[in-house]
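Residue numbers (our numbering): 652 to 833.
Pasting the structure below:
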C-alpha cells in the first residue's frame with residue numbers, strides 16, 4: 652500500500668515522523684508531498700525530502716495513486732491553506748473516494764479548508780474547537796476520533812492511538828478488502 656503525507660515547513664516534528672516511520676514499519680511505501688516539491692523542515696529542525704510537487708500534480712491523480720493520506724499538525728496546515736490551496740484539493744479528492752485520511756492537531760485546519768468535515772465527528776488541538784464546529788462538525792475532546800474514512804487526533808501524546816486507529820481504518824477500507832479477495 653502507498654501512503655502520502657502532505658505538509659510544508661513548520662510541521663510538528665513528531666506528528667510527521669511518528670506516522671511516517673510507523674507506516675514504513677508496516678510495509679507502506681510512504682511519499683511526502685510539499686507545495687513545491689522541495690524538502691521541508693519541522694518546527695524543531697527535523698528535515699524530510701519531498702517526493703511529490705503539489706503545484707504540478709493533479710489532486711485526483713494523487714488520490715488514485717495513493718491508498719491513504721496523513722496531515723501532520725504544527726504550523727504547516729495553516730501555511731498549506733494560505734500558500735498551497737491545492738493541498739486542500741488533495742484532501743477533498745481522497746475524501747471523495749472514501750480513502751483513509753488521518754489528521755492530527757492543527758491538521759484539522761486543512762480538513763476544514765477542504766470542506767470534508769461537515770456532519771462528522773472530529774477532534775484536533777483544543778483551540779480549533781470553534782473552527783471545527785463552525786465548519787459543521789461536532790468537536791469531540793478525545794485522543795482520537797474515527798468517523799468513516801476520517802481519523803483525527805489532538806496532540807503528540809495521542810500518536811500511538813492515532814496510528815492504531817489509522818491502521819484499523821485502512822484495514823476497513825475498500826482497498827484493503829480488495830487485496831484480501833485478490
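Cβ coordinates follow ideal geometry from the N, Cα and C atoms, glycine included.
Can you tell me the Cα-Cα spacing of residue i and residue j, whole angstroms?
| i | j | result |
| --- | --- | --- |
| residue 709 | residue 696 | 29 Å |
| residue 788 | residue 772 | 6 Å |
What residues are listed by DSSP as bridge partners for residue i?
| i | result |
| --- | --- |
| residue 704 | 685 |
| residue 742 | Beta-bridge pairing links residue 742 to no other residue. |
| residue 722 | 754 |
| residue 680 | 653 |
| residue 798 | 801 |
| residue 789 | 772 |
| residue 662 | 725 |
Quick one: measure Cβ to Cβ for residue i and residue j, integer angstroms, because I've assumed they're closer than 8 Å.
| i | j | result |
| --- | --- | --- |
| residue 746 | residue 765 | 7 Å |
| residue 783 | residue 763 | 7 Å |
Which one of the options has the shortest CA to CA distance from residue i?
| i | options | result |
| --- | --- | --- |
| residue 713 | 740, 660, 733, 724 | 740 |
| residue 775 | 794, 805, 799, 753 | 805 |
| residue 657 | 682, 676, 669 | 682 |
| residue 661 | 654, 769, 784, 699 | 699 |
| residue 707 | 783, 694, 687, 680 | 687 |
| residue 755 | 770, 815, 778, 666 | 666 |
| residue 808 | 724, 780, 677, 797 | 724 |
| residue 821 | 703, 719, 680 | 719 |
For the ligand ZN, is there any heavy atom lying closer than 7 Å to the beta carbon of residue i?
| i | result |
| --- | --- |
| residue 683 | The ligand ZN is absent from the structure shown, which contains no ligand whatsoever. |
Minimum length 3: unbroken beta strand (DSSP E) runs contained in the segment 751-782: Counting only runs of 3 or more, we get 752-755.
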